[in-house]
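Below is one structure, written out as structure tokens, with a few remarks after it.
Number of protein chains: 2
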Amino acid sequence: MSDHVSNSAAVSVHVLRRLPQYLNYLKSLDTREIRSISAPAIAKALQLNEVQVRKDLAIVSAAGKPRTGFALSALINDIESYLGYDNVNEAVLVGAGQLGRALLSYSGFESCGLKIAVAFDADDSVVGMDIGGKKVFPVSKLKDLCKRMNIHIGILTVPADQAQSVCDRLVDAGILAIWNFAPVHLTAPEDVIVQNENMAHSLAVLSKRLKEKRDVSGYAGQNR
Amino acid sequence: MSDHVSNSAAVSVHVLRRLPQYLNYLKSLDTREIRSISAPAIAKALQLNEVQVRKDLAIVSAAGKPRTGFALSALINDIESYLGYDNVNEAVLVGAGQLGRALLSYSGFESCGLKIAVAFDADDSVVGMDIGGKKVFPVSKLKDLCKRMNIHIGILTVPADQAQSVCDRLVDAGILAIWNFAPVHLTAPEDVIVQNENMAHSLAVLSKRLKEKRDVSGYAGQNR
DNA sequence: TAGATTGTTAATCGATTAACAATC
DNA sequence: TAGATTGTTAATCGATTAACAATC
């Protein structure tokens, strides 16, 4: 019933990034109090264009009734199943430093269908530790464990200078998708998906926007 | 000389996110060995379109010689000054949990012109700690310290359920730009810049891409 | 019924890519 | 000179937004 054949052409990144937003908002609503929700209502809450929301929802959901909108709980299900949140993907994390540990301890990914199974680190003093319930193994075990556990997602949280070599190892271990938190451009075979999470890029956007704003408002600067 | 009046119309997010990529690559080169670099060379290294690189560089740099390309060190300077990496912006961080601490300890932001001056946390057992050389204060001191230190950037690393209220406090404290790591849509006055760093959004892109790939390759699944 | 909302087709907007003359 | 690269103008592509008939 909620099975919606998603054989459609590849969906744009923009849409894929908005869907979790909708989901997050919908989940914040009380399913018992609110039975249905309209695209314009979602758009208003998230400050988006209503046609955009309607089109996005049309991709994931079949339903939608004029006048009333979408059945809330059904819509939540549709988005979740579209994004694959309902079946778990296991991942390995390489680099149990500060950021790596933060990700290992963060429980929020599980509801997004991602389960970090094990971690790896090159530092012997970290190996053997238990972080967020995940055990840390030496990097030498990487390939063996990935193959054995049939894991295809790798999270990369090592320092910049080790990122490429770890990337190579991940590829060698049969990893198909790499979530890269290291501030480097990785070179990987083109059939391997690389999703970069480079905070410096976001920071650049933020700083520049702030600078523009200050320049416009005449750089009054000091305590406005 | 490297002062390039950047009064141009607001630059697109896409460009702003690529500039740090260029910078990162250029910095990885040996300034003494390589004196100049061409747009096509950068494009090839980062797997981008060469016209795109050329246009991006034209925004930040005045120079560029046919046949040779751009003077490497000058180009680095141009990008850095365009992005404002050369004058430091101070920021406060609220929420010294795992992620907050990782950011506090990360030294890479300084070279991007961001200096986290102090941190805040609601938890008394964390207050008073020193993380990455930054002291943790109680949230009650937020407004006072922001005003006193004339800080206008806030980094938000608190749990989802506290994000909106902390956002309100930041706004009240005179913060002009918020870098939001909490997985929630924040509501803020429209003159306040909100830059979201929502990892769930990236994860959705990664998982979906992986799923698509598997579906295409016939879901052979098990150890390829 | 009247009116809000739906899905969809058309118009607009912006970003990427291609084409090309100018230059060292 | 020949050829690679530059900056820029034009063409393409894709995403957002507007317009509108259909529906409960």
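Taken in order, these protein sequences are the chains called C and R.
With the numbering used here as the guide, the letters of the first sequence map in order to residues 916 to 1139.
With the numbering used here as the guide, the letters of the second sequence map in order to residues 916 to 1139.
All C-beta atoms in this analysis are idealised placements derived from N, C-alpha and C, irrespective of residue type, glycine included.
With 16 other Cβ atoms within 10 Å as the buried cut-off, status of residue i
i, result
"R/Asp1059", "exposed"
"R/Asn1095", "buried"
"R/Ser953", "buried"
"C/Asp1083", "exposed"
"R/Glu1105", "exposed"
"C/Arg950", "exposed"
"R/Thr1102", "exposed"
"C/Val1009", "buried"
"R/His1144", "With chain R represented from 916 up to 1139, any question about residue 1144 of chain R goes unanswered, as that position is not in the structure."
"C/Ala1017", "buried"
"C/Lys1126", "buried"
"C/Val1131", "exposed"
"C/Lys1123", "buried"
"C/Glu1112", "buried"
"C/Ala924", "exposed"
"C/Gly1048", "exposed"
"C/Glu995", "buried"
For residue i: DSSP bridge partner residues
i, result
"C/Ala1034", "C/Leu1008 and C/Val1051"
"R/Lys959", "R/Lys959 pairs with nothing; no bridge assigned."
"C/Leu934", "Answer is none; C/Leu934 lacks a bridge partner."
"C/Phe1140", "For residue 1140 of chain C there is no data in the structure shown, the boundaries of chain C being 916 and 1139."
"C/Ser927", "Paired residues: none, contrary to the question."
"C/Ala1119", "C/Ala1119 pairs with nothing; no bridge assigned."
"R/Ile952", "R/Phe985"
"R/Lys980", "R/Gly984"
"C/Val1109", "C/Ile1093"
"R/Gly1069", "R/Val1007 and R/Ile1093"
"R/Leu1029", "R/Asn1004"
"C/Arg1045", "What sits at residue 1045 of chain C in the sequence shown is Asp, not Arg. Answer is C/Lys1050, bridged to C/Asp1045."
Chain-order list of residues whose beta-carbon lies under 6 Å from that of residue i (same chain, five-residue window excluded)
i, result
"C/Pro955", "Glu965"
"C/Gly979", "Phe985"
"R/Ala1115", "Pro1098"
"C/Ile1068", "Asn1004, Ala1006 and Ala1092"
"C/Ile1070", "Ala1006, Leu1008 and Trp1094"
"R/Gly1136", "Any answer about R/Gly1136 is weak, because its pLDDT of 46 lies below 50 and its placement is not dependable; what the coordinates show is given next. Excluding residues within five positions, none has a Cβ falling inside 6 Å."
"R/Glu1053", "It is worth fixing the name first, because residue 1053 of chain R is Pro in this sequence and not Glu. Excluding sequence neighbours, R/Pro1053 sits near Val1042."
"C/Leu938", "Ile994"
Cβ-based neighbour list, residue i, same chain, cut-off 8 Å, excluding 5 preceding and 5 following
i, result
"C/Lys1056", "Phe1035"
"C/Pro1074", "Gly1010, Gly1012 and Ala1097"
"C/Ser1026", "Tyr1000"
"C/Val1051", "Ala1011, Val1033, Ala1034, Phe1035, Asp1036, Val1041, Val1042, Gly1043, Met1044 and Asp1045"
"R/Thr983", "Ser951 and Ser953"
"R/Gln1079", "Val1099, Leu1101 and Thr1102"
Whole-number beta carbon distance between residue j and residue i, since they are thought to touch under 8 Å
i, j, result
"C/Gly1089", "C/Cys1061", "6 Å"
"R/Arg932", "C/Val1120", "6 Å"
"R/Val930", "R/Asp971", "5 Å"
"C/Gln1077", "R/Ser1117", "Not confirmed; about 21 Å, so no contact."
"R/Ala958", "R/Val968", "4 Å"
"C/Leu1014", "C/Ile1046", "So it is not a contact: roughly 12 Å between Cβ atoms."
"C/Lys1128", "R/Ile1108", "7 Å"
Beta-carbon contacts of residue i that lie in its chain and below 7 Å, excluding the five residues immediately before and after
i, result
"R/Val926", "Ile974"
"C/Gly1012", "Thr1072"
"R/Asn922", "For R/Asn922, the predicted structure reports a pLDDT of 48, less than 50, and the residue's modelled location is therefore unreliable. A value from the coordinates is still provided. Result list for R/Asn922: empty, nothing under 7 Å."
"C/Met961", "The displayed chain sequence assigns Leu, not Met, to residue 961 of chain C. Only Gln936 and Tyr940 meet the Cβ criterion."
"R/Ile1066", "Glu1005, Ala1006, Val1007 and Ala1032"
"C/Thr946", "Leu987 and Ser988"
"R/Asp1087", "Lys1058"
"R/Asn1002", "Gly1028"
"C/Arg1063", "none"
"C/Lys942", "Ile991"
"C/Glu948", "none"
Validate contact between the region 1037 to 1057 of chain R and the region 1030 to 1037 of chain C using beta carbons, cut 8 Å, 3 pairs | no
Count the CB pairs spanning the region 983 to 1003 of chain C and the region 988 to 1001 of chain R that are closer than 8 Å, and state whether there are at least three.
-> no
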